[in-house]
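Novice: Counting from 191, one number per residue, gives the positions in the sequence shown under this note's numbering. Ideal Cβ positions, reconstructed from N, Cα and C, are used throughout, including at glycine.
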Amino acid sequence: MSRSSTSYIAIVAAYSAAASMHTSHAFVPSASSSSCVRQSAQASFSIINTATTTPSTTSLFMSSTPATTTNTLTLQLEKPLGLILEESDSTIPNSGVIVTQVNEGGSAFASPSADKLSNAKITKVMETDVSAMSFDDVMDVIVGAPSPLEVEFALAAGVVVESADVVAGEEETEAAVVVEEYEIGTTVTIQVEQPDKPSITLEGKVGDNLRKTLLANKDIELYRGLKKKLGNCGGGGQCGFCAVEFKDDSESGVWGERSEYEDTRIGKKAGTEGHRLACMNNIVGPATVKTL
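#1: Leaving out the 5 sequence neighbours to the left and right, which residues in its chain are closer than 7 Å to THR377 when beta-carbon positions are compared?
#2: Would you kindly report the start and end of the unbroken alpha helix (DSSP H) that includes GLY334?
#3: Excluding five sequence neighbours on each side, which residues of the same chain lie with their C-beta closer than 6 Å to the C-beta of LYS417?
#4: If we call anything under 9 Å between Cβ atoms a contact, is ASP326 one with VAL320?
#5: To which residues does DSSP link ASP319 through a beta bridge?
#6: Alpha carbon to alpha carbon, how far is ASP305 from GLN381?
#7: Counting C-beta neighbours from all protein chains within 10 Å, is the total for ILE282 16 or more, i.e. buried, or is it exposed?
#8: Got a sec, what are the start and stop residues for the alpha helix (DSSP H) ARG401 sits in?
#9: Note down, one range per segment and in chain order, each beta strand (DSSP E) of at least 3 residues found wholly within the region 389 to 474.
#10: Going by alpha carbons, who is nearest to PRO302 out of ASN309, LYS311, VAL292?
#11: Using the beta-carbon count (16 or more within 10 Å), is THR454 buried or exposed?
#12: Kindly indicate which three-state DSSP category LYS269 falls into: helix, strand or coil?
#13: Using DSSP bridges, identify the partner residues of ILE374.
#14: In the structure shown, what three-state DSSP assignment does ALA344 receive?
#15: Following a CB-centred definition, is VAL287 positioned closer than 8 Å to any heavy atom of the ligand FAD?
#16: Is the CB-CB distance between LYS408 and GLY425 below 9 Å?
#17: Here's a check: name, in chain order, each residue in its chain whose Cβ is nearer than 6 Å to the Cβ of LYS437, leaving out the five neighbours to either side.
#18: For ALA358, count neighbouring C-beta atoms within 10 Å of its own C-beta (all shown protein chains included) and say buried if the count is 16 or more, exposed if not.
#19: Report the three-state DSSP secondary structure of ALA477 (helix, strand or coil).
#20: So LEU404 and LEU412 are in contact, right, with Cβ under 8 Å, and what is the actual spacing, rounded?
#21: Secondary structure at LEU482, three-state DSSP: helix, strand or coil?
#22: How would you label ALA300, buried or exposed, when you count the other beta carbons within 10 angstroms and need 16 or more for buried?
#23: Throw me the rounded Cβ distance for the GLU342 and THR262 pair, which I believe falls under 8 Å.
#24: Just the C-alpha distance for LEU154 and PRO270, rounded to the nearest angstrom, thanks.
#25: Which residues share a DSSP beta bridge with GLU276?
#26: Once the 5 residues before and after GLY483 are set aside, which same chain residues still bring their CB inside 8 Å of it?
#27: Going straight from the alpha carbon of GLU450 to that of PRO385, what length do you get?
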(Lines of atoms letter the chains of each structure in order from A and count residues from 1; the text may use other names and numbers.)
(Lines give C-alpha, C1' and ligand atoms only; values in the text may rest on other atoms or scores of the structure.)
Protein backbone atom coordinates (compact mmCIF):
# COMPACT_ATOMS: atom_id res chain seq x y z
CA MET A 1 0.00 0.00 0.00
CA SER A 2 1.49 3.33 -1.01
CA ARG A 3 0.65 6.62 0.61
CA SER A 4 1.73 10.10 -0.42
CA SER A 5 1.61 11.77 2.97
CA THR A 6 3.31 10.89 6.23
CA SER A 7 0.19 10.66 8.35
CA TYR A 8 -2.58 8.12 8.32
CA ILE A 9 -5.40 6.51 10.28
CA ALA A 10 -6.16 2.75 10.14
CA ILE A 11 -8.70 0.60 11.84
CA VAL A 12 -7.89 -3.05 12.57
CA ALA A 13 -10.78 -5.27 13.60
CA ALA A 14 -10.70 -8.35 15.82
CA TYR A 15 -9.84 -10.68 12.97
CA SER A 16 -7.83 -8.58 10.54
CA ALA A 17 -6.78 -9.31 7.00
CA ALA A 18 -4.72 -7.19 4.65
CA ALA A 19 -6.94 -4.83 2.68
CA SER A 20 -6.39 -2.52 -0.26
CA MET A 21 -7.33 1.14 0.08
CA HIS A 22 -8.43 3.90 -2.34
CA THR A 23 -6.69 7.25 -1.90
CA SER A 24 -8.73 9.68 0.21
CA HIS A 25 -11.66 7.29 0.37
CA ALA A 26 -13.00 5.07 3.18
CA PHE A 27 -12.84 1.31 2.81
CA VAL A 28 -15.23 -0.56 5.13
CA PRO A 29 -15.42 -4.34 4.67
CA SER A 30 -17.26 -6.77 6.93
CA ALA A 31 -16.82 -6.65 10.71
CA SER A 32 -14.66 -9.78 10.62
CA SER A 33 -12.00 -8.22 8.43
CA SER A 34 -9.90 -5.08 8.62
CA SER A 35 -11.29 -1.62 8.03
CA CYS A 36 -9.16 1.26 6.88
CA VAL A 37 -9.90 4.97 6.75
CA ARG A 38 -7.40 7.48 5.48
CA GLN A 39 -7.35 11.07 6.67
CA SER A 40 -4.62 12.99 4.88
CA ALA A 41 -4.85 15.96 7.26
CA GLN A 42 -3.97 13.93 10.35
CA ALA A 43 -0.82 12.22 11.55
CA SER A 44 -1.99 9.23 13.50
CA PHE A 45 -3.02 5.63 13.04
CA SER A 46 -5.98 4.41 15.06
CA ILE A 47 -6.53 0.73 15.75
CA ILE A 48 -10.12 0.10 16.78
CA ASN A 49 -12.92 -2.34 15.93
CA THR A 50 -15.92 -1.98 13.66
CA ALA A 51 -18.00 -4.19 15.97
CA THR A 52 -18.65 -3.89 19.69
CA THR A 53 -16.07 -6.07 21.40
CA THR A 54 -15.34 -6.66 25.07
CA PRO A 55 -11.57 -6.36 25.47
CA SER A 56 -9.82 -9.49 26.64
CA THR A 57 -7.56 -9.61 29.63
CA THR A 58 -4.01 -8.75 28.67
CA SER A 59 -0.92 -10.58 29.84
CA LEU A 60 2.20 -8.77 30.97
CA PHE A 61 5.72 -10.05 30.48
CA MET A 62 8.70 -8.42 32.09
CA SER A 63 11.93 -8.22 30.12
CA SER A 64 15.31 -8.25 31.85
CA THR A 65 13.86 -10.17 34.80
CA PRO A 66 16.87 -9.78 37.16
CA ALA A 67 16.64 -5.98 36.99
CA THR A 68 14.33 -3.95 39.21
CA THR A 69 13.22 -1.71 36.34
CA THR A 70 13.14 -1.89 32.55
CA ASN A 71 12.10 0.39 29.72
CA THR A 72 10.81 -2.53 27.66
CA LEU A 73 7.29 -3.85 28.05
CA THR A 74 5.74 -6.86 26.32
CA LEU A 75 1.98 -7.35 26.28
CA GLN A 76 -0.18 -10.21 25.04
CA LEU A 77 -3.13 -8.43 23.40
CA GLU A 78 -6.36 -9.47 21.73
CA LYS A 79 -7.54 -7.64 18.64
CA PRO A 80 -8.75 -4.90 18.51
CA LEU A 81 -5.71 -3.38 20.21
CA GLY A 82 -7.11 0.13 20.62
CA LEU A 83 -3.81 1.86 19.89
CA ILE A 84 -3.49 5.10 17.94
CA LEU A 85 -0.15 5.00 16.14
CA GLU A 86 1.92 7.35 14.05
CA GLU A 87 5.29 7.27 12.33
CA SER A 88 8.14 7.43 14.81
CA ASP A 89 9.92 10.09 12.75
CA SER A 90 8.27 11.36 9.57
CA THR A 91 11.61 12.74 8.34
CA ILE A 92 13.37 9.37 8.52
CA PRO A 93 12.14 6.49 6.33
CA ASN A 94 11.57 3.13 8.02
CA SER A 95 11.72 4.49 11.56
CA GLY A 96 8.88 2.40 12.95
CA VAL A 97 5.78 3.60 14.79
CA ILE A 98 4.94 5.03 18.21
CA VAL A 99 1.78 5.04 20.32
CA THR A 100 0.11 8.43 20.61
CA GLN A 101 -3.04 7.33 22.41
CA VAL A 102 -4.68 4.26 23.96
CA ASN A 103 -8.37 4.13 23.08
CA GLU A 104 -11.04 2.81 25.40
CA GLY A 105 -12.60 -0.35 23.99
CA GLY A 106 -9.34 -2.00 22.91
CA SER A 107 -7.44 -4.67 24.80
CA ALA A 108 -4.47 -2.36 25.47
CA PHE A 109 -6.78 -0.04 27.44
CA ALA A 110 -7.62 -2.95 29.76
CA SER A 111 -3.94 -3.54 30.51
CA PRO A 112 -2.66 -2.35 33.90
CA SER A 113 0.22 -0.80 31.97
CA ALA A 114 -1.97 1.26 29.62
CA ASP A 115 -0.77 4.53 31.15
CA LYS A 116 2.84 3.65 30.27
CA LEU A 117 2.23 3.23 26.53
CA SER A 118 2.04 6.90 25.52
CA ASN A 119 4.91 7.68 23.11
CA ALA A 120 6.15 4.08 23.38
CA LYS A 121 7.68 2.65 20.22
CA ILE A 122 6.54 -0.74 18.95
CA THR A 123 9.70 -2.79 18.51
CA LYS A 124 8.34 -6.30 17.96
CA VAL A 125 5.09 -7.93 16.88
CA MET A 126 5.17 -11.63 17.71
CA GLU A 127 8.76 -12.55 16.74
CA THR A 128 9.08 -9.93 14.01
CA ASP A 129 11.35 -6.93 14.62
CA VAL A 130 9.40 -3.91 13.38
CA SER A 131 11.54 -1.18 14.92
CA ALA A 132 13.07 -0.19 11.58
CA MET A 133 10.10 -0.86 9.32
CA SER A 134 7.99 1.60 7.39
CA PHE A 135 4.58 2.55 8.73
CA ASP A 136 2.82 0.43 6.11
CA ASP A 137 5.00 -2.61 6.80
CA VAL A 138 4.34 -2.42 10.55
CA MET A 139 0.61 -2.33 9.89
CA ASP A 140 0.88 -5.30 7.53
CA VAL A 141 2.57 -7.31 10.30
CA ILE A 142 -0.11 -6.36 12.83
CA VAL A 143 -2.93 -7.15 10.41
CA GLY A 144 -1.39 -10.51 9.48
CA ALA A 145 -0.70 -11.60 13.07
CA PRO A 146 -3.08 -13.94 14.89
CA SER A 147 -5.12 -12.86 17.89
CA PRO A 148 -3.94 -12.69 20.61
CA LEU A 149 -0.61 -11.29 19.53
CA GLU A 150 2.51 -10.42 21.49
CA VAL A 151 3.65 -6.82 21.15
CA GLU A 152 6.91 -5.43 22.53
CA PHE A 153 7.16 -1.73 23.36
CA ALA A 154 10.20 0.45 24.01
CA LEU A 155 8.83 2.90 26.57
CA ALA A 156 9.37 6.64 26.30
CA ALA A 157 12.29 8.25 28.12
CA GLY A 158 11.67 8.39 31.85
CA VAL A 159 8.98 5.70 31.78
CA VAL A 160 9.97 2.40 33.36
CA VAL A 161 8.23 -0.77 34.44
CA GLU A 162 9.09 -1.97 37.91
CA SER A 163 9.48 -5.67 38.56
CA ALA A 164 6.70 -5.39 41.16
CA ASP A 165 4.18 -4.57 38.43
CA VAL A 166 1.87 -7.54 37.86
CA VAL A 167 -1.15 -8.49 35.85
CA ALA A 168 -4.42 -7.75 37.60
CA GLY A 169 -5.58 -10.80 39.53
CA GLU A 170 -2.12 -12.40 39.60
CA GLU A 171 -0.63 -11.00 42.77
CA GLU A 172 3.06 -11.44 43.50
CA THR A 173 3.84 -12.86 40.07
CA GLU A 174 6.06 -11.33 37.45
CA ALA A 175 4.49 -12.86 34.37
CA ALA A 176 1.26 -14.39 33.23
CA VAL A 177 1.26 -17.88 31.72
CA VAL A 178 0.83 -17.90 27.96
CA VAL A 179 -1.56 -20.61 26.83
CA GLU A 180 -0.45 -21.78 23.42
CA GLU A 181 -3.18 -22.63 20.96
CA TYR A 182 -2.78 -25.16 18.15
CA GLU A 183 -4.63 -25.16 14.84
CA ILE A 184 -6.98 -28.03 13.98
CA GLY A 185 -5.05 -30.79 12.24
CA THR A 186 -1.71 -29.95 13.84
CA THR A 187 0.25 -33.09 14.75
CA VAL A 188 1.25 -33.17 18.42
CA THR A 189 2.93 -35.69 20.70
CA ILE A 190 0.97 -37.60 23.35
CA GLN A 191 3.06 -39.38 25.97
CA VAL A 192 1.10 -42.27 27.52
CA GLU A 193 2.09 -43.75 30.87
CA GLN A 194 0.62 -47.13 31.85
CA PRO A 195 0.75 -49.04 35.13
CA ASP A 196 3.29 -51.89 34.95
CA LYS A 197 3.92 -51.27 31.25
CA PRO A 198 6.41 -49.16 29.31
CA SER A 199 5.41 -45.64 28.38
CA ILE A 200 4.34 -45.08 24.80
CA THR A 201 4.81 -41.99 22.68
CA LEU A 202 2.27 -41.52 19.94
CA GLU A 203 1.22 -38.78 17.57
CA GLY A 204 -2.24 -37.31 17.54
CA LYS A 205 -3.91 -34.54 15.61
CA VAL A 206 -5.49 -31.51 17.21
CA GLY A 207 -9.26 -31.92 16.96
CA ASP A 208 -9.26 -35.73 17.12
CA ASN A 209 -10.97 -37.44 20.04
CA LEU A 210 -8.50 -38.52 22.73
CA ARG A 211 -10.26 -41.83 23.48
CA LYS A 212 -10.29 -42.88 19.83
CA THR A 213 -6.64 -41.90 19.46
CA LEU A 214 -5.64 -44.02 22.46
CA LEU A 215 -7.73 -47.02 21.38
CA ALA A 216 -6.18 -46.91 17.90
CA ASN A 217 -2.88 -48.02 19.45
CA LYS A 218 -3.10 -51.73 20.33
CA ASP A 219 -0.34 -51.38 22.91
CA ILE A 220 -2.39 -48.97 25.02
CA GLU A 221 -4.76 -50.61 27.49
CA LEU A 222 -7.34 -47.94 28.18
CA TYR A 223 -9.79 -50.42 29.72
CA ARG A 224 -8.21 -53.02 31.98
CA GLY A 225 -9.13 -55.24 34.88
CA LEU A 226 -12.70 -54.86 36.09
CA LYS A 227 -13.31 -52.06 33.58
CA LYS A 228 -12.54 -54.46 30.76
CA LYS A 229 -14.82 -57.15 32.16
CA LEU A 230 -17.75 -54.82 32.72
CA GLY A 231 -17.50 -53.31 29.27
CA ASN A 232 -17.89 -49.64 28.48
CA CYS A 233 -20.40 -47.16 27.12
CA GLY A 234 -18.62 -46.81 23.79
CA GLY A 235 -17.53 -43.26 24.34
CA GLY A 236 -20.85 -41.83 25.50
CA GLY A 237 -19.43 -40.40 28.70
CA GLN A 238 -21.64 -42.58 30.92
CA CYS A 239 -19.37 -45.24 32.41
CA GLY A 240 -16.37 -43.11 33.31
CA PHE A 241 -14.03 -46.04 32.61
CA CYS A 242 -11.97 -44.17 30.03
CA ALA A 243 -10.71 -41.67 32.59
CA VAL A 244 -7.03 -40.80 32.32
CA GLU A 245 -4.80 -38.57 34.40
CA PHE A 246 -3.26 -35.52 32.80
CA LYS A 247 0.24 -35.39 34.23
CA ASP A 248 1.57 -32.10 32.89
CA ASP A 249 -1.27 -29.69 32.15
CA SER A 250 -1.48 -27.83 35.48
CA GLU A 251 1.14 -25.29 34.45
CA SER A 252 0.58 -24.97 30.70
CA GLY A 253 -3.21 -25.01 30.85
CA VAL A 254 -3.40 -26.05 27.20
CA TRP A 255 -6.30 -28.45 27.76
CA GLY A 256 -8.30 -26.03 29.89
CA GLU A 257 -10.39 -26.78 32.95
CA ARG A 258 -12.31 -29.98 33.47
CA SER A 259 -16.00 -29.70 32.60
CA GLU A 260 -18.73 -29.79 35.23
CA TYR A 261 -20.05 -32.99 33.67
CA GLU A 262 -16.66 -34.64 34.15
CA ASP A 263 -16.73 -33.50 37.77
CA THR A 264 -19.99 -35.39 38.29
CA ARG A 265 -18.69 -38.57 36.62
CA ILE A 266 -15.21 -38.57 38.15
CA GLY A 267 -15.88 -36.89 41.48
CA LYS A 268 -13.71 -34.45 43.37
CA LYS A 269 -11.76 -36.72 45.67
CA ALA A 270 -8.22 -35.70 46.55
CA GLY A 271 -5.81 -36.87 43.88
CA THR A 272 -8.35 -36.83 41.06
CA GLU A 273 -7.93 -33.18 40.10
CA GLY A 274 -6.05 -34.08 36.92
CA HIS A 275 -8.40 -36.88 35.87
CA ARG A 276 -10.36 -36.40 32.65
CA LEU A 277 -12.70 -38.54 30.55
CA ALA A 278 -10.85 -39.39 27.36
CA CYS A 279 -14.12 -39.67 25.44
CA MET A 280 -15.13 -36.13 26.40
CA ASN A 281 -11.90 -34.45 25.32
CA ASN A 282 -10.61 -33.72 21.86
CA ILE A 283 -6.87 -33.24 21.47
CA VAL A 284 -5.92 -29.56 21.78
CA GLY A 285 -2.16 -29.87 22.22
CA PRO A 286 0.69 -32.08 23.44
CA ALA A 287 0.18 -33.88 26.73
CA THR A 288 1.37 -36.62 29.03
CA VAL A 289 -1.50 -38.83 30.18
CA LYS A 290 -1.61 -41.84 32.48
CA THR A 291 -4.14 -44.63 32.09
CA LEU A 292 -5.92 -45.59 35.31
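Specialist: Quick answer:
#1: GLU393, LYS395
#2: 325 to 334
#3: PHE431
#4: no
#5: LYS314
#6: 44 Å
#7: exposed
#8: 400 to 405
#9: 433 to 436, 465 to 467
#10: VAL292
#11: exposed
#12: coil
#13: None; ILE374 has no bridge partner.
#14: strand
#15: What this structure holds is no ligand at all, so the ligand FAD is not there to describe.
#16: no
#17: THR478, LYS480
#18: Low confidence applies here, because ALA358 scores a pLDDT of 36, under 50, leaving its location unreliable; read the following figure in that light. With fewer than 16 Cβ atoms within 10 Å of its Cβ, ALA358 is classed as exposed.
#19: strand
#20: 5 Å
#21: coil
#22: buried
#23: 7 Å
#24: The structure shown has nothing for residue 154, since the chain only spans 191 to 482.
#25: ILE288
#26: No statement about residue 483 is possible, as the shown extent of the chain runs from 191 to 482 and does not include it.
#27: 27 Å
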